[in-house]
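Asker: Just so you know, we're using our numbering here: the sequence shown kicks off at 828 and counts up by one.
Don't be surprised by glycine CBs; every beta carbon is placed ideally from N, CA and C.
Note that this is a predicted model, so its numbers are computed, not measured.
Quick one: the structure is below, questions incoming.
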Amino acid sequence: MVEDKGGRLSMRFKDLLLDREVVLSPDILALSTGAVPGDNEGLARTMKLERDDLGWFQEVHLKQRPVDFFTEGVYMCGLAHAPKLITETIAQAQAAAGRALTVLAAERQRIGGVVAVVEKDLCAACLICVRACPYDVPYICEDGYSMIDPARCQGCGICSAECPAKAITLQSYTDAQLLAKCDALLAEAAS
Ligand code: SF4
Ligand code: SF4
């Protein structure tokens, strides 16, 4: 609440961090304009970008990857993320540019080994993996089987689990490896 007390401004508000009522007498009271997310649903769907409940784009991890999306190679800063001070926006923009430079400046990119691989002779080109992949990686090539670019695959394993022909293997997580782990776990639990 704002009042005029003998020619001076008086502000009374609840400080949520202190969890108590605070009264201030500022010289100037400047109200900022509220901000809401733009119409970003189409962009989020196309680029597979996470958003929070309010519709702002959401980082992978507040501390460990504060300007990254789960979609590799896409970074955020400023009002795309949430309303913030200009100093925070500049710092975040520098961080996003720095992250992008690590990709652009490298002559070669190293990719993880946990990627999906298609056994082309088993593939029936049913399109299930194409539709299931949250990152739009698989596609049916001209020769009529599913292709997965290992540089784009995020290793989530969804296509591997969905493929009815068992034509897709997630490297390092083959059925034999997982069954061996289960056997070892059960044997240990039973002993
Ligand atoms: S789900 Fe399996 S069978 Fe179907 S297109 Fe993909 S790899 Fe081929
Ligand atoms: S493992 Fe995940 S990211 Fe990779 S192709 Fe399959 S569904 Fe897509």
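1. What three-state label does DSSP hand R937 in the structure shown?
2. Is the closest heavy atom of ligand 1 to the C-beta of P965 under 7 angstroms?
3. Name the one or two DSSP bridge partners that M838 has.
4. Which residues mark the beginning and the end of the beta strand (DSSP E) in which A978 is found?
5. Apply the 10 Å Cβ neighbour rule to A994 and answer buried if 16 or more other Cβ atoms are within range, or exposed otherwise.
6. What is the DSSP secondary structure of M903, reduced to helix, strand or coil?
7. Taking the alpha-carbon positions, what's the L954 to C986 distance?
8. Could you give the first and the last residue of the continuous alpha helix (DSSP H) run that contains A988?
Answerer: Let me lay it out:
1. coil
2. Flag set: Cβ of P965 near ligand 1.
3. According to the DSSP secondary-structure assignment, M838 is paired through a beta bridge with V829, L851.
4. A978 -> no beta strand (DSSP E), and no H or E assigned at all.
5. buried
6. coil
7. 10 angstroms
8. 985-989
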